[in-house]
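Asks:
Number of protein chains: 2
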Amino acid sequence: MLFAMQQNEGPLSRLRRDHERLVLDLLRKQGPMTRGELGGLCGLSRTTLYDIISALVASGAVVTSVPQSAHRGRGRPVERLTLNPQAGQAIGIDFARRAVHVAVVNVAHEIVGTASETHGSEMSEDKRVDVAQRLVGRLTGGALRLGALGAIGVGVVGPVGRPGEEAGLGHNGDTLAALVRERFEVPVLVDNNTRLAALAESTWGAATGEQDVLYLRLSHGVGGGLVVGGALHRGAEGLSGEFGHITVDPEGAPCGCGGTGCLETVASVGAVLGAYRAQGGRADDVPALIEAIASGDARASSVVSEAGARVGSVLAAVCNAIGPAVIVVGGELAALGRALTEPVERALSANILPVSRWRMSLRPAELGEAGAALGGIALVLHESPLLTHYPAESKPEEKA
Amino acid sequence: MLFAMQQNEGPLSRLRRDHERLVLDLLRKQGPMTRGELGGLCGLSRTTLYDIISALVASGAVVTSVPQSAHRGRGRPVERLTLNPQAGQAIGIDFARRAVHVAVVNVAHEIVGTASETHGSEMSEDKRVDVAQRLVGRLTGGALRLGALGAIGVGVVGPVGRPGEEAGLGHNGDTLAALVRERFEVPVLVDNNTRLAALAESTWGAATGEQDVLYLRLSHGVGGGLVVGGALHRGAEGLSGEFGHITVDPEGAPCGCGGTGCLETVASVGAVLGAYRAQGGRADDVPALIEAIASGDARASSVVSEAGARVGSVLAAVCNAIGPAVIVVGGELAALGRALTEPVERALSANILPVSRWRMSLRPAELGEAGAALGGIALVLHESPLLTHYPAESKPEEKA
Numbered sequence: 001m002l003f004a005m006q007q008n009e010g011p012l013s014r015l016r017r018d019h020e021r022l023v024l025d026l027l028r029k030q031g032p033m034t035r036g037e038l039g040g041l042c043g044l045s046r047t048t049l050y051d052i053i054s055a056l057v058a059s060g061a062v063v064t065s066v067p068q069s070a071h072r073g074r075g076r077p078v079e080r081l082t083l084n085p086q087a088g089q090a091i092g093i094d095f096a097r098r099a100v101h102v103a104v105v106n107v108a109h110e111i112v113g114t115a116s117e118t119h120g121s122e123m124s125e126d127k128r129v130d131v132a133q134r135l136v137g138r139l140t141g142g143a144l145r146l147g148a149l150g151a152i153g154v155g156v157v158g159p160v161g162r163p164g165e166e167a168g169l170g171h172n173g174d175t176l177a178a179l180v181r182e183r184f185e186v187p188v189l190v191d192n193n194t195r196l197a198a199l200a201e202s203t204w205g206a207a208t209g210e211q212d213v214l215y216l217r218l219s220h221g222v223g224g225g226l227v228v229g230g231a232l233h234r235g236a237e238g239l240s241g242e243f244g245h246i247t248v249d250p251e252g253a254p255c256g257c258g259g260t261g262c263l264e265t266v267a268s269v270g271a272v273l274g275a276y277r278a279q280g281g282r283a284d285d286v287p288a289l290i291e292a293i294a295s296g297d298a299r300a301s302s303v304v305s306e307a308g309a310r311v312g313s314v315l316a317a318v319c320n321a322i323g324p325a326v327i328v329v330g331g332e333l334a335a336l337g338r339a340l341t342e343p344v345e346r347a348l349s350a351n352i353l354p355v356s357r358w359r360m361s362l363r364p365a366e367l368g369e370a371g372a373a374l375g376g377i378a379l380v381l382h383e384s385p386l387l388t389h390y391p392a393e394s395k396p397e398e399k400a
Numbered sequence: 001m002l003f004a005m006q007q008n009e010g011p012l013s014r015l016r017r018d019h020e021r022l023v024l025d026l027l028r029k030q031g032p033m034t035r036g037e038l039g040g041l042c043g044l045s046r047t048t049l050y051d052i053i054s055a056l057v058a059s060g061a062v063v064t065s066v067p068q069s070a071h072r073g074r075g076r077p078v079e080r081l082t083l084n085p086q087a088g089q090a091i092g093i094d095f096a097r098r099a100v101h102v103a104v105v106n107v108a109h110e111i112v113g114t115a116s117e118t119h120g121s122e123m124s125e126d127k128r129v130d131v132a133q134r135l136v137g138r139l140t141g142g143a144l145r146l147g148a149l150g151a152i153g154v155g156v157v158g159p160v161g162r163p164g165e166e167a168g169l170g171h172n173g174d175t176l177a178a179l180v181r182e183r184f185e186v187p188v189l190v191d192n193n194t195r196l197a198a199l200a201e202s203t204w205g206a207a208t209g210e211q212d213v214l215y216l217r218l219s220h221g222v223g224g225g226l227v228v229g230g231a232l233h234r235g236a237e238g239l240s241g242e243f244g245h246i247t248v249d250p251e252g253a254p255c256g257c258g259g260t261g262c263l264e265t266v267a268s269v270g271a272v273l274g275a276y277r278a279q280g281g282r283a284d285d286v287p288a289l290i291e292a293i294a295s296g297d298a299r300a301s302s303v304v305s306e307a308g309a310r311v312g313s314v315l316a317a318v319c320n321a322i323g324p325a326v327i328v329v330g331g332e333l334a335a336l337g338r339a340l341t342e343p344v345e346r347a348l349s350a351n352i353l354p355v356s357r358w359r360m361s362l363r364p365a366e367l368g369e370a371g372a373a374l375g376g377i378a379l380v381l382h383e384s385p386l387l388t389h390y391p392a393e394s395k396p397e398e399k400a
């Protein structure tokens, strides 16, 4: 089992996880306290609480200490329970097509650092995990301690298996995840890296604190992700957020997906640059296109404007269907700024249910290329704060 | 507070609800048992368990009994706790534009019955609640007992407020919900009735047991609802499932929503009948159109086929974005059967991400006009199995 385990678990194991989360939440919010104080607040039986605390201490998530003042009194000094400040380092790794991105956060969920390294598209999976390990070592200064909050969230290119599905069915990321688990000796959660970038933007980025977020990535491919009710949305078969493959022109160009006239055929980096060159413009990359617009080249503006209109109409359709509060636009093309977002907003506004117009906010992504790696961490924090209690190869015990 | 209350509650009250659900689940699955047996299974402290059981008994959800055999022994006979078979009647009411639909289920979640009554579009809200009350009385033979599982789920036309939002902000359904609460003296949950039909189809209908369902209703209006991960999806502002207002033709007809060329302008009952009549056909309603197709009128088939193609392309866009497992098509036009679903499936297949084609299943709705009323019940069962513990006017107490 490489994937999240809380699916399909019984009410009792779910309750146990809730208990553990409650204990950690209380320690985080109320500070250090004794077992007795904790018992008074959480409403759990002594036996249950003892079990939970033992597991948390054993995993390194919680440490016990005796306050100096307690030694002065009579009798056995009372231990206090504290969250282990060293325990919470969480790691996210994004295995992009030609780069490895790594991010690390501490127990307070503050970003300790991010690092990236590009590589050739043919590099073996084993070598790519070497790169990840080196980057993690650099960020943590060799002092990495994966405690109770420490699983690793891994982003991979392309669709992944159904959440909770057994690994080894040939899904993207199976091998990478297995390698990461071997090297770091912790459980690994895997998801599509664009989807993880969506989760990261709603956790640390442009849509921080928003519960319903649509993230669109306009890059060499066009894709995205949805956060629904604060959680990453995956769809029935792990295929969702495929905004790039929504048809915008049934008579359009063939798409790499096998379809015809997908958004990706008109709004990817390659499509936009190609359309500009077809009009006699010269630009090999997005910065050159930005320069052309800045220098007043009307062809460049018009090409970007047309792509933006297509993007806006697709966003409107998706917004009518699912009603997000915020749209975040990332990827290389987002660097075009207002030249892109103005036509996007115009088409969005023209095609969205009028009553929704004022409710929608379009924002540029904030996390850049480290987004998906940070999303890996967000995945771990959202979905498995206590995953290391359950060794990667076995299921949580039911208490019944 | 007319709306669901579990949003924004703290971890402690959420935990209390989980505890209550656990106790009810254990009684439902394991049958009658003593407090001691229950305590051994659920892991709660005596105090917590005592509180939970007292509340459940006080609300009528759980009854105590002493088995005959227990009287024979010495000492005080041991009471056993049982789910109250009379307590679980749950009611759903759909206040449609020109009809009231009511559905009742028992504690085993079996449908006891459904009933409907049509009325003029001008009938006052007070009178419509009279109708509902009469229908409920008829279905329950006057023996209605709203126990612990009994809140009432109410469906209304149009968007409702944000879940958990205070009532009285002028949202659709505020008055109706308040009236129902007064008459039946129970908490009331409100949602859009088309969305409730979606939930009902995934609970008792064409998509029973499915976690990710797209429901499309092709009627005088075109709308729908989404079930995401087993729960009703609402969107950030209570606006989602507005498939009828996705643009299919930017040059098209003006739509009632204020937009242009929405799906509703080409795939509603009125639009399809209108297109047929524009070609010289004669049909005032869907049955007449069905007859025309059956009699081999190519104009009728072609009109339905064109509408179906539009529907399919919209469904493909939404499926690419959110990846449901099942699409359920309901509403009057669904009666067209294969004449409609074949062109829908063709367009869906042509426009959906090729890798998703074989994963998608399109099914006719099964619950008919009672769907939204049943959805009201599903809403209550999904979202507030214990809502009557918390009187409608006050918030649940936090135990901290």
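Heads up: the protein sequence lines correspond to chains A and B, in order. For the first sequence, counting from 1, position 256 maps to 256 in our numbering; every step adds exactly one. For the second sequence, counting from 1, position 21 maps to 21 in our numbering; every step adds exactly one. No residue lacks a Cβ here, since even glycine has one placed at the ideal position from N, Cα and C. For clarity, every value in this text was computed on a predicted model and none was experimentally measured.
1. Listed in chain order, which residues of the stretch 226-241 of chain B have Cβ atoms closer than 9 angstroms to some Cβ of chain A?
2. I'd like the span of the alpha helix (DSSP H) that includes L348 (chain A), first residue to last.
3. Going by DSSP, what residues sit across from F95 (chain B) in a beta bridge?
4. Can you tell me where the alpha helix (DSSP H) with L374 (chain B) in it begins and where it stops?
5. Pairs of beta-carbons, one from the stretch 56-63 of chain B and one from the stretch 95-104 of chain B, closer than 8 angstroms: are there three or more?
6. Looking only at its own chain, which residues have a Cβ that is under 7 angstroms from the Cβ of R195 (chain A), when we skip the five neighbours before and after it?
7. Under 8 angstroms, CB to CB, which of the residues in the stretch 355-383 of chain B have a partner in chain A?
8. Which residues in chain B have a C-beta closer than 8 angstroms to the C-beta of D212 (chain A)? List them in chain order.
9. So, under 8 angstroms CB-CB, L374 (chain B) and L367 (chain B) are touching, yes? Tell me the CB distance rounded to an integer number of Å.
10. What's the gap between the Cα of V160 (chain B) and the Cα of N193 (chain B)?
11. Starting from I327 (chain B), follow the beta strand (DSSP E) in both directions and report where the run begins and ends.
12. Whose C-beta lies closer than 8 angstroms to the C-beta of L336 (chain A) among residues of the same chain, with five residues either side of it excluded?
13. Just to make sure I have the definition right: I need the residues of chain A whose C-beta is within less than 7 angstroms of the C-beta of V318 (chain B). Which are they?
14. So, is the C-beta of L216 (chain A) closer than 8 angstroms to a C-beta in chain B?
15. Look up R234 (chain B) in the DSSP assignment and say whether it is helix, strand or coil.
16. Could you tell me whether any Cβ in chain A is nearer than 8 angstroms to the Cβ of S305 (chain B)?
17. Give the straight-line distance between the Cα atoms of D191 (chain B) and F95 (chain B), rounded to the nearest whole angstrom.
18. Once DSSP output is grouped into helix, strand and coil, what is the label at T140 (chain A)?
19. By the 10 Å Cβ neighbour count, where 16 or more other Cβ atoms means buried, how is L38 (chain B) classified, buried or exposed?
20. Along the chain, which unbroken stretches of the alpha helix (DSSP H) at least 4 residues long are found entirely within the stretch 18-56 of chain A?
21. According to DSSP, is I246 (chain B) part of a helix, a strand, or is it coil?
22. Can you tell me whether DSSP reads R277 (chain B) as helix, strand or coil?
23. For chain A, is any of its Cβ atoms less than 8 angstroms away from the one on N193 (chain B)?
24. Could you check whether the Cβ of N351 (chain A) sits closer than 8 angstroms to any Cβ belonging to chain B?
25. Measure the alpha-carbon distance for G113 (chain B) versus L239 (chain B) and round it to whole angstroms.
26. Excluding the five sequence neighbours on either side, which residues of its own chain have a C-beta within less than 7 angstroms of the C-beta of E251 (chain A), listed in chain order?
27. Identify every residue that forms a DSSP beta bridge with V63 (chain A).
28. What residue does the alpha helix (DSSP H) around E291 (chain A) start on, and which one ends it?
29. Distance check for G40 (chain A) and T64 (chain B), CA to CA, integer angstroms please.
30. Can you tell me the Cβ-Cβ gap for R98 (chain B) and S116 (chain B), rounded? I've got them flagged as a contact below 8 angstroms.
31. For H245 (chain B), which residues in chain A fall below 7 angstroms Cβ to Cβ?
32. Chain A partners of T48 (chain B), CB-CB under 8 angstroms?
33. Taking the alpha carbon of H245 (chain B) as the reference point, which residue from B:E125, B:A236, B:E264 has its own alpha carbon closest?
34. Quick one: what's C262 (chain A) bridged to in DSSP?
35. So with Cβ pairs under 8 angstroms, would you call P287 (chain B) a contact of chain A?
36. Can a CB atom of chain B be found closer than 8 angstroms to the CB of P324 (chain A)?
Replies: On the basis of the coordinates in this document:
1. Residues are counted here when their Cβ sits less than 9 angstroms from a Cβ of chain A; for the stretch 226-241 of chain B these are L226, V228, G229, A231, H233, R234, G235, A236, E237, G238, L239, S240, G241, given in chain order.
2. Where L348 (chain A) is concerned, the enclosing alpha helix (DSSP H) stretches over 338-351.
3. Answer is B:V100, B:V156, bridged to F95 (chain B).
4. In the DSSP assignment, L374 (chain B) falls within the alpha helix (DSSP H) that extends over 371-383.
5. Contact fails between the stretch 56-63 of chain B and the stretch 95-104 of chain B, because fewer than three Cβ pairs, one in each stretch, are under 8 angstroms apart.
6. Counting only Cβ-Cβ distances below 7 angstroms, and skipping sequence neighbours, we find G225, L232, G241.
7. Those would be V355, S356, R359, in chain order.
8. Going along chain B in sequence order, the residues near D212 (chain A) (Cβ under 8 angstroms) are G235, A236.
9. About 6 angstroms; that satisfies the 8 angstroms criterion.
10. Separation of V160 (chain B) and N193 (chain B) (C-alpha to C-alpha, rounded to the nearest whole angstrom) is 10 angstroms.
11. Where I327 (chain B) is concerned, the enclosing beta strand (DSSP E) starts and stops at 326-330.
12. Cβ neighbours of L336 (chain A) beyond the five flanking positions: V286, L289, I290, I293, V304.
13. In chain order: A321.
14. Taking Cβ atoms only, chain B never reaches closer than 8 angstroms to L216 (chain A), which makes this a no.
15. In this structure, DSSP gives R234 (chain B) a state outside helix and strand, which the three-state scheme calls coil.
16. Not one chain A Cβ lies under 8 angstroms of S305 (chain B).
17. When rounded, the separation of the alpha-carbon atoms in D191 (chain B) and F95 (chain B) is 11 angstroms.
18. Here T140 (chain A) sits in helix by DSSP.
19. Residue environment for L38 (chain B): buried (at least 16 other C-beta atoms within 10 angstroms of its C-beta).
20. Runs found: 35-42.
21. Coil at I246 (chain B), not helix or strand.
22. It is helical.
23. N193 (chain B) does not count as touching chain A.
24. Cβ-Cβ to chain B under 8 angstroms: yes for N351 (chain A).
25. Roughly 31 angstroms separates the two Cα atoms.
26. Result list for E251 (chain A): G261, in chain order.
27. Per DSSP, A:T82.
28. That run of the alpha helix (DSSP H) goes 286-294.
29. T64 (chain B) and G40 (chain A): Cα-Cα distance of roughly 29 angstroms.
30. Rounded, the Cβ-Cβ distance is 11 angstroms, inconsistent with contact.
31. The answer, in chain order, is N320, L353.
32. Within 8 angstroms of the CB of T48 (chain B), the CB atoms of chain A belong to G43, L44, S45, in sequence order along the chain.
33. When B:E125, B:A236, B:E264 are compared, the shortest CA-CA separation from H245 (chain B) is found for B:E264.
34. Assignment of beta-bridge partners to C262 (chain A) by DSSP yields A:T247.
35. Interface residue (Cβ-Cβ distance to chain A less than 8 angstroms): P287 (chain B) is not classified as such.
36. Yes, because at least one Cβ of chain B sits closer than 8 angstroms to the Cβ of P324 (chain A).
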